[in-house]
Amino acid sequence: MKVTVFVSPKATVLDPQGAAVEQAMKSLGHQSVGGVRVGKTITFEMEGEDTPEIRTQIDRLCDGLLSNPVIEDYRFEIEAG
Amino acid sequence: MKVAILQFPGSNCDWDAEHAVKDVLGIPSSRIWHKASLPAETEAVVVPGGFSFGDYLRCGAIARFSPIMDDLKSFASNGGQVLGICNGFQILCESGLLPGALIRNDCLEFRCINQQVAIENSNDRFNPEKCGEQLSLPIAHGEGNYRLKDGDLEKLESNGQVLLRYIGNPNGSINDIAGIRNEEGNVYGMMPHPERAVEPHHPSRDGLPILKAFLEPILTRSSVEISAS
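Heads up: the sequence lines are chains A and B, in that order. With the first letter of the first sequence counted as 1, position 17 gets the number 1494 in our numbering; the numbers rise by one all the way through. With the first letter of the second sequence counted as 1, position 185 gets the number 597 in our numbering; the numbers rise by one all the way through.
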C-alpha cells in the first residue's frame, strides 16, 4: 500500500515561506488570496493493510521523525495496492 | 578526555569546537562519531554546528535518532553538561533535551554576520557580570527563528532560561531569543558560534566567556590556567 503524509506548519506558528509565497501571488495581481501556508508531502510504500495497528505505526513515524509536534501538524492517507 | 565533541555526517564546526576547547582553553577533548558510545570519562559534551544529515526533513530531525543520542540523553539526565551550538542547538531541540524548535528565518535568508547579543541574568554561570553585558558573536544559519508551544514562553522567561538575546533580531526569533538552557541548568543551546570567536585574528574573542561559563565546573576542578581574552 502507498502512504502519503501531509505535513503543515501549525496554524499558530509563523510561516515565513508561506508569507513570501503569498506576497508573490499578490504581486502577480491575485489580490484575493490569503492565508498561504507551505508544507510538504512525504510518500512511501509500506507492507500490510489499512488496520488500526498500521495506523498507529504510521502515527509513530509521523510524530517526531516526519513532523515536529512543536511546530507542525500532520495527516496521512493510505491507498491500497 | 574530558569534553566530547559529537560528529554527525554533515557536522562542520567539530574541528573549530575542538580547537577552542583543547588548544585555546587547554581542556582535553575528543571528537566522537555519532555511531560510537559516549566515553565513560566524559565530563561535558559539545554538539557542534553544521548541517547534520544535510538538514533533510528538518534541521536536526535525523541526527536526533543517531545511536549516540541515547547516551547523550542518559548523560544529560544524570546532570552532565551539554552545549549545542547552531545545528547542535537544533538537534537538542528536536531530541527534546531543550524546549522549542527552530524554524526558517523570517527574512528567508541565510544570515552570516557578526551579531551583537545581550547576556541575560540566567544563573550563577551565565550572567552579565561573568560573561559581559554585550558580546559580538558570529552567527551563520538559515533556521534560527526560535519558537515555542503556546504558554511555554512565559515559563521559559520566568525560569530565567534565556541565556542570550539578539540586539537587532536577525531571524524573527520570538522575544529575540538567541540561546537558552534547560530548567535544570545543565543543557545549553545557542545559535551564535562562540567557538568561532576565540583567537586574536577572529572578529572578536567574545566566545571565550561563553565557553568558560559552560565549562566552569570542569575548569574549577582541574584548575586549568586560562589565557584570558
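Glycine is no exception: its CB is placed at the ideal position from the N, C-alpha and C atoms.
- Residues of chain A with a Cβ closer than 7 Å to the Cβ of Arg523 of chain B do not exist, since the nearest Cβ in that chain sits about 13 Å away.
- Pro629 of chain B sits in a helix when the DSSP states are folded into three classes.
- For Pro606 of chain B, there is no enclosing beta strand (DSSP E), as DSSP gives it neither H nor E.
- Gly544 of chain B: not part of any alpha helix (DSSP H); DSSP gives it neither H nor E.
- Shortest Cα-Cα distance from Pro440 of chain B to any of B:Ser464, B:Ser570 and B:His431 involves B:His431.
- Each residue's CA atom was taken as its position, placing Gly591 of chain B and Gly1558 of chain A some 48 Å apart.
- For the pair Asp1550 of chain A and Ser1485 of chain A, the CB atoms are nearer than the 7 Å cut-off.
- Looking at B:Asn598, B:Asn535, B:Val415 and B:Gly619, the one whose alpha-carbon comes closest to that of Glu453 of chain B is B:Val415.
- Scanning its chain for C-beta atoms nearer than 7 Å, with the 5 sequence neighbours on each side dropped, one finds around Met1523 of chain A the residues Met1478 and Val1480, in chain order.
- Annotated as proximal: Ile417 of chain B and Ala429 of chain B, with beta-carbon spacing under 7 Å.
- In this structure, Phe477 of chain B keeps its C-beta atom at 7 Å or more from the C-beta atom of Gly422 of chain B.
- With at least 16 other beta carbons inside 10 angstroms of its own, Gln527 of chain B counts as buried.
- For the stretch 558 to 570 of chain B, the residues whose beta carbon sits under 7 Å from a beta carbon of chain A are, in order, Arg559, Lys561 and Asp562.
- Per DSSP, Ser570 of chain B lies in no beta strand (DSSP E) segment; the continuous alpha helix (DSSP H) that holds it begins and ends at Asp564 to Ser570.
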